[in-house]
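Structure, as C-alpha cells:
Number of protein chains: 2
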Amino acid sequence: MVFHSLFLLQLLLLFSLTTATAKRLHTIPPRLSPIEPRVWLDHPDQNLGESVREDFETFFYNQTLDHFNYRHESYDTFPQKYLINSKYWGGSDTDCSAPIFVYLGAEAPINGSLDTIGFLVDTAVHFKSLLAYVEHRYYGESIPFGDEAFKNASTLGYFNSAQAIADYAEIIIDIKKTFQAENAPVIVIGGSYGGMLASWLRLKYPHIALGALASSAPVLYFDDITPQDGFYSIVSKGFREASETCYQTIRESWDVIDEVASKPDGLSELSERFNTCATLASAAVLKTHLIEMYISAAQYNAPPTYPVNKVCGGIDGGGFGDDVLAKIFGGLVAYKGNGPCYVNAPAYQSALPGGWSWQRCSEMVMPFGFGKDSMFQPKPFDIEAYIERCKQTYGVPPRVDWVTSYYGGHNISLVLQRFGSNIIYSNGLRDPYSIGGVLRSISDTIVAVNAVNGSHCLDLRFANQYDPHWLVDQRNSEINIIQEWIDEYYHDARCSTKSHI
Amino acid sequence: MVFHSLFLLQLLLLFSLTTATAKRLHTIPPRLSPIEPRVWLDHPDQNLGESVREDFETFFYNQTLDHFNYRHESYDTFPQKYLINSKYWGGSDTDCSAPIFVYLGAEAPINGSLDTIGFLVDTAVHFKSLLAYVEHRYYGESIPFGDEAFKNASTLGYFNSAQAIADYAEIIIDIKKTFQAENAPVIVIGGSYGGMLASWLRLKYPHIALGALASSAPVLYFDDITPQDGFYSIVSKGFREASETCYQTIRESWDVIDEVASKPDGLSELSERFNTCATLASAAVLKTHLIEMYISAAQYNAPPTYPVNKVCGGIDGGGFGDDVLAKIFGGLVAYKGNGPCYVNAPAYQSALPGGWSWQRCSEMVMPFGFGKDSMFQPKPFDIEAYIERCKQTYGVPPRVDWVTSYYGGHNISLVLQRFGSNIIYSNGLRDPYSIGGVLRSISDTIVAVNAVNGSHCLDLRFANQYDPHWLVDQRNSEINIIQEWIDEYYHDARCSTKSHI
C-alpha cells in the first residue's frame, strides 16, 4: 500500500545520485508504517481500526524458503507472520464453510495501522468471514536469513512475487486445515502491489482463492503496455483540475530552482528560501522532495482533506510572497504543516523501504518517465541506466520482461475475456497508478469498479462519516459482486441450505 | 510419453531393493527412445514419421537455470534443444498470424521417434501451423551442469515441472519473436506427463497458450484424489476383458512363483523355467519383470496388434505346458518374441530413465498401490517407505503435497467449471493412467474426449491405415475443438479476414 515509495528509487535514478548513495537503498531498515505518515496525519480518523486490533491474534507459519527448487537450502524455512480474526466467522461444516477473507501483505510490515484492511473488518459481519492478514516475505518480522537477509543477491534472490504468492497459497491451505474449513470459499484482497498479488494469486491458484479484490493494482504498468509518462501525466492532471494557476506555478518552478542553484551560493539561497533543515547538497534533493510531495498528494487525494487542494491552496495563496519559489514554499508549508524546518528532515529519509527497492531492481521494473505533457521537467525513462544502476547496487540485473512473461498483461482483454473469473480491479481515477490499472471490465466476472474521484486504495480503508456517496457506492458494488461469487460457489458446491451462510 | 517407466521406481520400492541398487537409479543414463521399444517394435509402421524428420530444424535456446530466484547462480543458462518445422506454416501478419503448435517434451529426449508428435504433423496442412517440439530440461541434450547434472539435489534441485513450464513459456515467446508472430494463437500439446504440462501451462500462462491438448494426462493421480489402487485395477480389468482364464492364471501365478522361490534351489528352478539370461537374484526380479510386461501391454494395448490379447494368447495357449508357470512363460514369449533368453536382458535395465526417478522422488508423488480387486498380490502404497527411500537416494524428501498445492486437482470440476478454458483432456479408457485423468467435461471449453478402446497417448501418433474408426473420430473431435478455439480467437482479435487463415 505504500506504493508511493517505489518512486524514490526512480527519482534517485533520474537525478543521478552517486553509487554510494544508491547502495544505501537496501541497508536502510524497512519503514514502520505502511502508510506515508504525513499524509495520513491529515486524516481525522487516522487511528480508526486500532480498537479492533485486539480481535486479531498473531501466528507464525513455518514457511518454505524456496518453493521452486529442491536443493537442500530450498527446504530451509522462516517464520512468516499472520494475523487471524475469528470473531465474526460463521464456522465450518463437513461440506461447507463460511468464507475466509485473506488480506495479502505487500511491501510493508503488517504491524502498521489496521486501517489498511478496514474493508475486511467492516464487511466481516455481513460475510461472517474469518479474517487473515498475512505478511509478505522479507518485510516486518517475516525475514529469512535474519540479519543477512538484505546483504546481497545470494540472500535476496528468494525475495520475489512468485515465491510470495506461493507462500500465501501454502498459508491459506494451512489456515483451512486448522479451521477444518477445506471447502471454505476464499477471497484474497490486496492494495497496490498487494492488489497485483491478489489478482495474480486468483489467476495462478484458482483452486485456492475463489476470487480476488485487487485495489489500485497497476498490473499493466510493465513493458510498454502503459505509456511510460502516464503516471506523471495523471499527477499533473489532478493539480491542473484543482487549479490552473497552481499547475502553471509548479510547471515553472523547476527551471527557477535550477537557475538559482546554478548561481554562486545558489544552494545556500535555495536552502534559505525553503527553510531546509540542512544546506541542500544539490538542487536535485529539493526537486526530489517536491516531486515526492506532489505524488503523495495526488495519490492520496482523499476526502475530507483533499491534499492536492491543500497544496494548491498554499501555492495560490501567496502567503510567503508572490514569486515562484515563495509560492512553492507556501505549498510545502500547507502540506507539511508548521515545523522548525523542511525538505531534508530525517523522517523522510527513513521512509525509504529496504525491501521494495530490491523488488524494483529485480522484477518490478515499472517504467516511469516524465513526459512533455506534464507539470514536471521532461525526462523519459532510461531503461539502460536503470539496469546499470540496479546491477551496481545488487550485483544482478533486473529481469525486465519477467512480470509479463509470468503473469501476462499484454492484450489482457483478449487473453482473459474467455479465461478466468472472479476478479475485481478497483480503481480511483485520481490515483496516478490508475493509468496502469485494468479500467474496463473484461468479462462478466473480471470487472473494473472505478471511482472517478477516488484515490489510491481508498476503498480498502475503514468506512467513516466523511465518506462521500461515490465511495460508499464503490464499496457496495464490491460487496455485492463478492457476495455473488460466494452464492454461486455455495450453489455449485450444493451447500446453499446451510445455516451459517 | 514413456510414462510407463515411472513404475520402475515404484516397483523397486515395493520389492525392497537394497539402497545400493536404489542409488543406481539416477546414475543410469537417460534412455534413448521416448517409446518403450519392445512394444513399439510390434507396430508395423514403427518408422512412420521418420521421413518427415528432415522437415525439422534443430535449435538451442539459451535457457534460464532458475526462473524463480535472483541469486547469481539463478542467472546461469543452459542450452535447451527444440525442433522447428515451418514447412506448413501460414505465416505472420501485423495483426494476425497462422497458429503455432508446440509439443512439450516430457521425460525423454526428443531425438526419438517422431511418431510421438504425429498428430502435429498430420494436422499441419489443415491448420497451416508452425510446429515446435521442445525438449524438457534435464533430458536429452538439454542438461544444465553437464556431467554434474544428476550428481545430487544441489544440481537436481532446478529440475521440476514449474521450472520446465516456465522454460516452455520463454521459448514460445522467443519463437513468436523470431517468426514475428507475436499475435499467433499457440496450442500446446503433450502426452502423459507432457499432457499434464500442457494443461498446466494453459492454466498458468493463458497469455502464452491459447489452448492445450493434454493426452492421457493423469493430473488427478495425486494425493488421495484417485484411489491408489486405481491404476492396477485398470490393468487387471483389461486382462480380464481379454480373457477370464488368462486373468485367473496371472492372479494365481504370484503365489506359485513365491512358493517355488522359497524352495532350496528354487531360484535356479525359476530361472530355468523362464529361461532367464542370468540366474534370478530373487523372486522379486521376475515378478517386477512380469508386472512391467503386463503394464506395458495394458498401457499400449493399441491396434492392430493389441498386446494384451497377444500376452493372453500365449498364456491361454499352453504351448509350453499346462502348469501356471509354463503358461506365464508362454505369455512372456508371445509378448517378447523368440529370443535367446528372457527377464533380465540388459535392454530392459537400460530402459530406466535417470531423470524421471528424480522427478518421482521430488514432486511427482503418485501413489500407486496394488488393491485387493486385481490380478496382482495386494500391497497398498506405503508413503512413509516411499519418502524414506527417496531421502536415502537423493538426500532430500519429496514434497508430497506440492503438485496439488501449485496446480490443484481436488474438486477440479468445482474449481474449473467457472475458471479457465480451452483444454482438451483426451483419454483412452483402456490405458491404466486414464483412472487419474479428467474423464468428464468440466465446462463448454474444458472438455474430455475419450476413446473407450483407446490406449496411452494413441491419439497423438501418426494416423495410419490400421486406425479403427473410433480413433479417427477421437482425433477429428480434437481437431474440430482446436479449430473452434482458433476461429474464436481470430474473431476476438478481429482478424478473421486475413488470407492465410
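As given, the protein sequences belong to chains A and B, one line each in that order. Counting from 1, position 459 in the first sequence corresponds to residue 459 in the UniProt record's numbering; the numbering is continuous, with no gaps. Counting from 1, position 95 in the second sequence corresponds to residue 95 in the UniProt record's numbering; the numbering is continuous, with no gaps. Backbone N, C-alpha and C fix where the C-beta goes; we use that ideal spot for every residue, glycine too. Small disclaimer: the values here were computed from a predicted structure and weren't measured.
Just to make sure I have the definition right: I need the residues of chain B whose C-beta is within less than 7 Å of the C-beta of residue i. Which are they?
i: residue 396 of chain A; result: 70, 72, 75
Along chain A, which residues have their Cβ under 7 Å away from the Cβ of residue i?
i: residue 414 of chain B; result: 492, 493
i: residue 173 of chain B; result: 405
i: residue 66 of chain B; result: 69
For residue i versus residue j, is the C-beta distance shorter than 9 Å?
i: residue 180 of chain B; j: residue 142 of chain B; result: no
i: residue 183 of chain A; j: residue 97 of chain A; result: yes
i: residue 233 of chain A; j: residue 374 of chain A; result: yes
i: residue 243 of chain B; j: residue 316 of chain B; result: yes
i: residue 68 of chain A; j: residue 69 of chain B; result: yes
i: residue 361 of chain B; j: residue 311 of chain B; result: no
i: residue 207 of chain A; j: residue 410 of chain B; result: yes
i: residue 426 of chain B; j: residue 449 of chain B; result: yes
i: residue 189 of chain B; j: residue 101 of chain B; result: yes
i: residue 435 of chain B; j: residue 230 of chain B; result: yes
i: residue 161 of chain B; j: residue 403 of chain B; result: yes
i: residue 214 of chain A; j: residue 196 of chain A; result: yes
i: residue 187 of chain B; j: residue 210 of chain B; result: yes
i: residue 122 of chain A; j: residue 462 of chain A; result: yes
Where residue i and residue j are concerned, what is the direct C-alpha to C-alpha distance, given to the nearest angstrom?
i: residue 417 of chain A; j: residue 443 of chain A; result: 5 Å
i: residue 320 of chain B; j: residue 291 of chain B; result: 20 Å
i: residue 382 of chain B; j: residue 394 of chain B; result: 18 Å
i: residue 167 of chain A; j: residue 333 of chain A; result: 43 Å
i: residue 192 of chain A; j: residue 432 of chain A; result: 11 Å
i: residue 155 of chain B; j: residue 66 of chain B; result: 11 Å
i: residue 117 of chain B; j: residue 477 of chain A; result: 49 Å
i: residue 488 of chain A; j: residue 469 of chain A; result: 28 Å
i: residue 164 of chain A; j: residue 137 of chain A; result: 6 Å
i: residue 493 of chain B; j: residue 460 of chain A; result: 35 Å
i: residue 278 of chain A; j: residue 270 of chain A; result: 11 Å
i: residue 76 of chain A; j: residue 391 of chain B; result: 16 Å
i: residue 19 of chain B; j: residue 423 of chain A; result: Confidence at residue 19 of chain B is low in this model, with a pLDDT of 31, below 50, so the placement of that residue is unreliable and no value is reported for it.
i: residue 322 of chain B; j: residue 276 of chain B; result: 20 Å
i: residue 114 of chain B; j: residue 53 of chain B; result: 7 Å
i: residue 140 of chain A; j: residue 82 of chain A; result: 11 Å
i: residue 33 of chain B; j: residue 475 of chain B; result: The predicted position of residue 33 of chain B is uncertain, since its pLDDT is 26 and thus under 50; a value taken from the coordinates is nonetheless stated next. Using only the alpha carbons, I get a separation of about 24 Å.
i: residue 484 of chain A; j: residue 438 of chain A; result: 21 Å
i: residue 287 of chain B; j: residue 226 of chain B; result: 25 Å
i: residue 420 of chain A; j: residue 219 of chain A; result: 16 Å
Could you pull the DSSP bridge partners for residue i from this structure?
i: residue 424 of chain B; result: B/213, B/447
i: residue 84 of chain B; result: B/57, B/132
i: residue 342 of chain A; result: A/276
i: residue 331 of chain A; result: DSSP, once it has assigned bridges, lists no residue as partnering residue 331 of chain A.
i: residue 102 of chain B; result: B/132, B/188
i: residue 370 of chain A; result: A/379
i: residue 79 of chain B; result: B/62
i: residue 409 of chain A; result: A/411
i: residue 92 of chain A; result: A/97
Since residue i meets chain A, which of its residues come closer than 8 Å, beta carbon to beta carbon?
i: residue 179 of chain B; result: None at all; the shortest Cβ gap to chain A is about 17 Å.
i: residue 136 of chain B; result: Under the 8 Å cutoff, chain A gives no residues; its nearest Cβ is about 16 Å from residue 136 of chain B.
Is residue i near the ligand PLP, judged by its Cβ being under 8 Å from some heavy atom?
i: residue 480 of chain B; result: The ligand content of the structure shown is nil, which means the ligand PLP is not present either.
Identify the contact partners of residue i in chain B, using a Cβ-Cβ distance below 8 Å as the criterion.
i: residue 418 of chain A; result: 421, 422, 445, 488, 492
i: residue 169 of chain A; result: 405, 406
Whose Cβ in chain A lies nearer than 9 Å to the Cβ of residue i?
i: residue 410 of chain B; result: 182, 207
**OP:** May I ask you to list, following chain order, the residues of the region 146-164 of chain A that have a beta carbon less than 7 Å from some beta carbon of chain B?
**Re:** Residues are counted here when their Cβ sits less than 7 Å from a Cβ of chain B; for the region 146-164 of chain A these are 153, 154, 156, 157, 158, 160, 162, 163, given in chain order.
**OP:** Mind checking the region 196-210 of chain A against chain B and listing, in chain order, the residues whose C-beta falls within less than 7 Å of any C-beta there?
**Re:** Going along the region 196-210 of chain A in chain order, one finds 204, 206, 207 with a Cβ nearer than 7 Å to chain B.
**OP:** Taking only beta carbons into account, state which residues of the region 289-308 of chain B come closer than 9 Å to chain A, listed in chain order.
**Re:** If the cut-off is 9 Å between Cβ atoms, the region 289-308 of chain B has nothing near chain A.
Original post:
For the region 360-394 of chain A, which residues have a CB atom closer than 7 Å to at least one CB atom of chain B, in sequence order?
Top reply: Using a CB distance below 7 Å, the part of the region 360-394 of chain A facing chain B consists of 362, ordered along the chain.
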